[in-house]
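2 protein chains.
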Amino acid sequence: MTFKRYIPVESISELTINRLSIYLRCLQQLEKENITTISSQELAERFHLNSAQIRKDLAYFGEFGIRGVGYNAAQLREHLVNILGLSEERRVVVVGAGNLGTALSHFSGFNSGGFKIVAVCDADPQKIGKRIPGGLTVEDAALLPTLVKERRIHIGVITVPAAAAQQVFDDLVNAGIQAILNFAPAQLKGHPEVKLKNVDLKINLELLSFFLTHAARLASIT
Amino acid sequence: MTFKRYIPVESISELTINRLSIYLRCLQQLEKENITTISSQELAERFHLNSAQIRKDLAYFGEFGIRGVGYNAAQLREHLVNILGLSEERRVVVVGAGNLGTALSHFSGFNSGGFKIVAVCDADPQKIGKRIPGGLTVEDAALLPTLVKERRIHIGVITVPAAAAQQVFDDLVNAGIQAILNFAPAQLKGHPEVKLKNVDLKINLELLSFFLTHAARLASIT
DNA sequence: CCGTGTGAAGCTGTTCACAGCT
DNA sequence: AGCTGTGAACAGCTTCACACGG
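Chains B and Z, in that order, are what the protein sequence lines are. Here my numbering is used: the first residue of the first sequence is 130, the next is one more, and so on. Here my numbering is used: the first residue of the second sequence is 130, the next is one more, and so on.
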């Protein structure tokens, strides 16, 4: 939690933050292999990243390395956990108990490393009351404001159909949620004070389709 | 399929391609509302995009608009479908019949608009033979080369744990697959001739966590 | 006269290359 | 001697603003 400079968050790119998550994964793996010290160079080669970029990304938040030596893996991991705010538990509500919503509710990636799905809602009376693998029961989306308050929920995940997404987005914001992950293929509008991240899974398939159509041989850029 | 210029695909950014998918969604919605003609300005305002960017993105592929008027919605949609290669059916194999893999296999977004999951594999004998909602049965991952050939599969989706991902990636490539969507949190290496797109769902939660931690009030940038 | 298509400008993100610290 | 941290150069992406065509 000791950052060298208190740079305004808005000045740090989302790309940088995403890379911090990746660095964190890499460090976790290195620790499993009992590696204690690593240079940006080695880290870059091992996980095919760019060493200058690693150093620059980290430099936004402090001086974590030792010149002439490199970084202490455990220490750097700890710093990244703090920067990303993963030391504190984040309770999540999933709205939309369809296929995807149900799957994400018991997806290990969404129930580990600081995150925990504590509620799954739907507006469809047919779905309310249904048990979900993992132990949760689908609750009435109309109860969102209560749920958010009582279970101190920080993050909302939207997995309803596109047509219902804007309404759910508004409801989540009105219920007091500050950060929302939207899986619906809809252009949501209207709450600049809330952090909204759109993830459209189908876009990725369409991207691949584009490359299959236009490129016989093509370098992999990810 | 009549593109003004045959620009090398590599010169077009992934960002542009992703936006084309978004424009396609928007046009589909407009058609539902029986709107036949739309200007880049209107399109931008309606879906909070940038009008100059819309025009520039489209201009890579041809001149689809009418000066002084705008674009014909149906025509432009058709162009986008062709550009993205969505008129041809794309058969998909999902490797990893865990939570996420199973969910994606019957996820509507992965079984519509030109895409169709035609096989789900796993190496775990416990999972092989299990039925999946939607009609598929989990098959042995060892049969990948045969499956890919017989069902003429174009796209592979990796939903195995991180530790197994590199092996599956290699196997998919060796089986002759040209485009791969990887959901495992692993830095895959080694096949520059194949198009690889990484999607890490947890990164998105971590991004939200970062903003919750550092920003009390913050503009939504997506 | 209006909106597209597009050079040019401006901005953001990445990579280079080296000074400075250990 | 070696690697970090960082200004400066470079590359890529977005936005502006207007000439041109309908």
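Yeah, the Cβ is synthetic: ideal placement off N, Cα and C, and Gly gets one too.
Taking 8 Å as the upper bound for CB-CB distance, B:Ile-309 and B:Val-328 are not in contact here, some 11 Å apart. The residues Ser-180, in chain order, have a CB closer than 6 Å to that of Z:Gln-170 in the same chain once the five nearest residues on each side in sequence are set aside. Counting only residues of its own chain and dropping the five nearest sequence neighbours on each side, B:Val-222 has a CB closer than 6 Å to the CB of Ala-248, Ile-282 and Gly-285. Shortest Cα-Cα distance from Z:Leu-337 to any of B:Leu-215, B:Gln-295 and B:Asn-333 involves B:Leu-215. Assignment of B:Ile-282 by DSSP, reduced to helix, strand and coil, places it in the coil class. Contact between the segment 230-246 of chain B and the segment 258-273 of chain B is present, with at least three C-beta pairs closer than 8 Å.
Boundaries of the alpha helix (DSSP H) around Z:Asn-303: 291-303. By the neighbour-count criterion, in which a residue is buried when 16 or more other Cβ atoms sit within 10 angstroms of its Cβ, B:Val-198 is exposed.
B:Cys-250 has B:Val-224 and B:Glu-268 as its beta-bridge partners, per DSSP. Within the segment 207-226 of chain B, the residues whose Cβ lies closer than 8 Å to some Cβ of chain Z are Ile-212, Leu-213, Gly-214, Leu-215, Glu-217, Arg-219 and Val-221, listed in chain order. The alpha carbon of Z:Gln-157 has as its nearest neighbour, out of B:Pro-314, B:Leu-325, B:Phe-340 and B:Asn-163, the alpha carbon of B:Pro-314. For B:Leu-229, the C-beta contacts it makes with chain Z under 9 Å involve Ala-232, Leu-233, Phe-236, Ser-237 and Gly-238, in order along the chain.
Flagged as an interface residue toward chain B: Z:Ile-146, by a C-beta distance shorter than 9 Å. The beta carbon of Z:Leu-213 sits closer than 8 Å to those of Ile-146, Leu-149, Ser-150 and Leu-153, all from its chain and outside the five residues before and after it, given in chain order. At least one CB of chain Z lies nearer than 9 Å to the CB of B:Glu-143. Excluding residues up to 5 positions away in sequence, Val-198, Gly-199, Tyr-200, Asn-201 and Ala-202 lie with their Cβ nearer than 8 Å to the Cβ of B:Thr-166 in the same chain. With a threshold of 16 other beta carbon atoms within 10 Å, Z:Glu-268 meets it and is buried.
Between B:Asn-311 and B:Ile-287 a beta carbon distance of about 4 Å is seen, short of the 8 Å cut, so the two are scored as contacting. Straight-line measurement puts the Cα of Z:Ile-332 at about 25 Å from the Cα of Z:Leu-301. At a cut-off of 9 Å between beta carbons, B:Ser-150 contacts chain Z. For B:Arg-175, the three-state secondary structure derived from DSSP is helix.
DSSP places Z:Tyr-200 in the strand class (E or B) of the three-state scheme. Within chain Z, not a single residue places a beta-carbon under 9 Å from that of B:Asn-179; the smallest gap is close to 12 Å. Contact with chain B is found for Z:Lys-326, since one of that chain's Cβ atoms lies less than 9 Å from the residue's Cβ. Think of a sphere of 7 Å around the beta carbon of Z:Asn-333: the chain B residues whose beta carbon falls inside it are Leu-310, Lys-326 and Val-328, in chain order.
At a cut-off of 9 Å between C-beta atoms, Z:Val-138 counts as an interface residue with respect to chain B. By the beta-carbon neighbour count (other beta carbons within 10 angstroms, threshold 16), Z:Gln-296 is exposed. Its chain contains Leu-215 as the residues whose beta carbon lies nearer than 8 Å to that of Z:Gly-242, once the 5 sequence neighbours on both sides are disregarded; these appear in chain order. DSSP places Z:Leu-334 inside the alpha helix (DSSP H), whose first and last residues are 330-343. In the three-state reduction of the DSSP assignment, Z:Asn-163 falls in the coil class, being assigned neither a helical nor a strand state. Between B:Phe-193 and chain Z, the shortest Cβ-Cβ separation is not below 9 Å. For Z:Ile-195, the pairing in a beta bridge is given by DSSP as Z:Gly-199. Chain B has a Cβ within less than 9 Å of the Cβ of Z:Ser-338. When the five nearest sequence neighbours on each side are left out, the beta carbons in the same chain lying within less than 6 Å of the beta carbon of B:Lys-256 are those of Ala-226 and Val-267, in order along the chain. In terms of Cβ geometry, B:Ala-293 and B:Ala-271 do not form a close pair [threshold 9 Å].
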